[in-house]
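Inspection log for the structure reproduced underneath, given as structure tokens.
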Amino acid sequence: MNKINNKLSKQNFRYAGKQEIIDPISILDDFYNAKVDFTSWKNQVKHFLLAGLDGRLRRNGLEYGYISQHLINHIEIAYIIYKQSNIKAHTTYKRHLSNLSEMYKVTSPSSLLTEKETLYLFFRYQSLKGWVEEIDSLVCNASIGLKDYHHEINSEAVIIYHLISSLTDALYQIHQKNGVEIELPSYIQVAQT
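See the structure below:
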């Protein structure tokens, strides 16, 4: 556990602080209960992603800086939950999204992903640092409206759109359930903290 705590120090995050590391669920509760409702947040993220992936789809009046700051904070909170829950070790789900056809196999209506699987796929696709850099690129494109952004509407852009949208849903589900459910072997007993 000490090794995990060393990786989760405040200096490794842009916005997440000590409180987020100690209790990430309370930060999600505060965000969804006090700052914004889920439908509004999901729409803001959708418009941010569309504008970031294709500058021609940008909308005037949308606060892209505000959205990107909270989105990075949510990605950092998701990473904290992912590491503290040790999802990588406790999942039997070992898929990786390398192309669009793989994404459609994974996300077909008959195979709904759990929050745990969503977090696993999200951080398996790209590291925390990679996601923060991705959001920085998206906010630059969304704010300025560049048409020569490095993303074209291609399979990578669709995967990024889908993973971030799925993460938004997963974090809301984690907020509603007040945590992530993980299957542990029967010989492990959970200690209350």
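Following the UniProt record's numbering, the numbering of the sequence shown begins with 1 at its first residue and continues without gaps. Where is the CB? At the ideal position from N, CA and C, for every residue including glycine.
Below 9 Å between beta carbons: does that hold for residue i and residue j?
i      : j      : result
Tyr125 : Lys88  : no
Thr114 : Leu167 : no
Leu138 : Ala78  : no
For the alpha helix (DSSP H) that residue i lies in, which residues bound it at each end?
i           : result
residue 198 : With the chain covering 1 to 193 only, the question about residue 198 has no answer from this structure.
Arg124      : 115-125
Tyr172      : 155-177
Leu50       : 38-53
Ser9        : Note, Ser9: premise wrong, no alpha helix (DSSP H); not H, not E.
Thinking C-alpha only, which one of the options is nearest residue i?
i      : options                      : result
Asp136 : Asn86, Ile67, Pro24, Phe38   : Ile67
Glu76  : Gly179, Glu20, Val180, Lys35 : Glu20
Ser9   : Asn86, Ile80, Ser40          : Ile80
Ile144 : Arg58, Ser40, Ala157, Tyr82  : Arg58
When every heavy atom of the ligand ATP is checked, does at least one fall within less than 8 Å of the C-beta of residue i?
i     : result
Asn73 : Absent from the structure shown: the ligand ATP. Ligands present: none.
Between residue i and residue j, what straight-line distance do the alpha-carbon atoms span, to the nearest angstrom?
i      : j      : result
Ala142 : Val45  : 12 Å
Leu62  : Gln11  : 30 Å
Asn43  : Tyr172 : 14 Å
Arg14  : Val132 : 9 Å
Asn60  : Lys18  : 35 Å
Gln84  : Asp169 : 20 Å
So residue i and residue j are supposed to be a Cβ contact under 8 Å. How far apart are they, rounded?
i      : j     : result
His175 : Tyr32 : 5 Å
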